[in-house]
Amino acid sequence: MTILKTWIVKAENDRVEEKDMKKLGEIIAAGGLVAFPTETVYGLGASAFDENAASMIYAAKGRPSDNPLIVHISDYSELDTVVREIPKGAELLFSHFSPGPLTVIMKKADTLAKTVTAGLDTVAVRIPSNPVARALIKASGVPIAAPSANISGKPSPTTAKHVIADMDGKIDAVIDGADCDVGVESTIIDMTGDKPVMLRPGGITYSEIKKLLPDIEIDRHITEAVTVKDKPKCPGMKYKHYAPDADVTVVEGKLSEIREKIRQLIEDERKNQNRRIGVLAYDGGEYDADYIIYSGKDNRSYAHNLFRDLREFDENGVDIVFAEFVYDVDYGLAVKNRLYKSAGDKVIHL
Ligand code: TXA
Ligand code: MG
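The opening position of the sequence shown corresponds to residue 10 in our numbering, with each subsequent residue numbered one higher.
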């Protein structure tokens, strides 16, 4: 792959200077790649109408070509440029949760580049709330196809620093904006079947959606991640993901029991090996570890910090990580999905 000089453009207070934003829009319109902040994670964007540009996204990330991209629009009025029809439920979802961390699967319009949807007849669409993301879409004049801006398999980037670490020299520009608010990706809802189905848990919780669409179902690949081995409807769910270099083990159960178990695991580890031990804990966990990251008091803050924390263990030379996890149906679902994958399904259930 040719090495590019990546242009780093500063966004102050969620705003990029007008002349720079114009140039960034031109880069996208001309078939280039620009990484940008969103409220969930940083995205790696290209024109959703440009076959070649979309395939460059797969190359820059090292992403398998059967894993489709999310198409980002700046306003609901642009939706009919990317889909064939808008189901009633989809309209309802967008009117409540957009702009925001929600993605809806619908039947795709023929105008979209085939590489964007990986040959599927459906497309995933999202209206981000981050002002920089929306300004970039407007400046480009086209819908922007964007996966998370990380190398495939690594934790998603929630700061510009993460993006630069993974993408410098591979893409045309990075917008260096604020750290991401939500910290995990958007919630994906499939509206192409008889009933709405949640394909990926994320920034909008199951309970919030259930209030609006009472017949919402949760895809089994989310709830039974370890046991279900058939092909998921959301292609990305089948890949190894979010993995730091450190070896992660999740311990799930009641907090007091988790802590006792992890203390014992650390003791055993110290006896047998000379590895640098990390712990990812909710506030208050006390351990004799080499590196502890406190990730907040509940799963909402755990989700907000998770990807950054996973990268931080690597930056600090940690070899093995024990992660506390207490399940709940809302942010817990989003944390569980990422944490289990970062551990390659190495989970101790108490
Ligand atoms: O928050 C987000 O959604 C971020 C930001 C950048 O917007 N984007 C993101 O993209 O998470 P990515 O590529 O990392 O994840 C997209 C997921 C993948 O698991 C993919 O398989 C799924 O969406 N997907 C895309 N199109 C689909 C479709 N037509 N049907 C089912 N799943 C689809
Ligand atoms: Mg991703």
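Beta carbons: idealized from backbone N, C-alpha and C, even for Gly.
Judged by the Cβ position, P253 fails to qualify as a neighbour of the ligand TXA at the 6 Å threshold, every heavy atom of the ligand being at least this far. In this structure, DSSP gives V141 a helical state, which the three-state scheme calls helix. Under the DSSP assignment, I301 falls outside any alpha helix (DSSP H), being part of the beta strand (DSSP E) whose first and last residues are Y300 to Y303. DSSP, read as helix, strand or coil, puts M246 in helix.
At least 7 Å separates the beta-carbon of V141 from that of A57. For G287, the uninterrupted beta strand (DSSP E) run begins and ends at I286 to A290, by DSSP. A distance below 6 Å between beta-carbons, with the five flanking residues on each side excluded, links H358 to the following residues of its chain, in chain order: E261. If you compare the alpha carbons of T49, T15, E48 and V50 with that of L33, the shortest gap goes to T15. With a cutoff of 6 Å, P156 counts as near the ligand MG, since its C-beta is closer than that to a heavy atom of the ligand. Between V259 and the set T196, A352 and P244, the nearest pair of CA atoms involves A352. Annotated three-state conformation of A332 is strand, per DSSP. Under DSSP, the beta-bridge partners assigned to T112 are R135 and I197. Note that the C-beta distance between A154 and V80 is below 7 Å.
The alpha-carbon of A148 is positioned some 6 Å away from that of K31.
Note that the C-beta distance between G211 and A343 is below 7 Å.
In the DSSP annotation of this structure, S56 is not part of any alpha helix (DSSP H); the continuous beta strand (DSSP E) holding it starts and ends at G52 to S56. Between the alpha carbons of T120 and P152 lies a gap of roughly 11 Å.
By the neighbour-count criterion, in which 16 or more other beta carbons inside 10 Å mark a residue as buried, A68 falls on the exposed side. Shown here for S195: same chain residues with a beta carbon closer than 6 Å to its own, the five before and five after excluded, namely T49, P110, L111, T112, R135, G211 and G212 in chain order. Here the region 200-208 makes no contact with the region 158-178; the two share fewer than three CB pairs at distances below 8 Å. Rounded to whole angstroms, the gap between the alpha carbons of G326 and L289 is 15 Å.
In the structure shown, the three-state DSSP call for I184 is strand. Here F106 has I213 as same chain residues with Cβ atoms under 7 Å from its own Cβ, once five neighbours each way along the sequence are excluded. The bridge partners DSSP lists for K19 are D185. At a cut-off of 6 Å, the beta-carbon of A133 counts as near the ligand TXA: some heavy atom of the ligand is closer than that.
Inter-residue distance for E233 and K280 is about 34 Å (C-alpha atoms, whole angstroms). Looking only at G128, A182, K306 and R93, the smallest Cα-Cα distance to Y51 is reached by A182.
Within the model, the alpha-carbon separation for K355 versus D185 is close to 35 Å. DSSP places R279 inside the alpha helix (DSSP H), whose first and last residues are L264 to N281.
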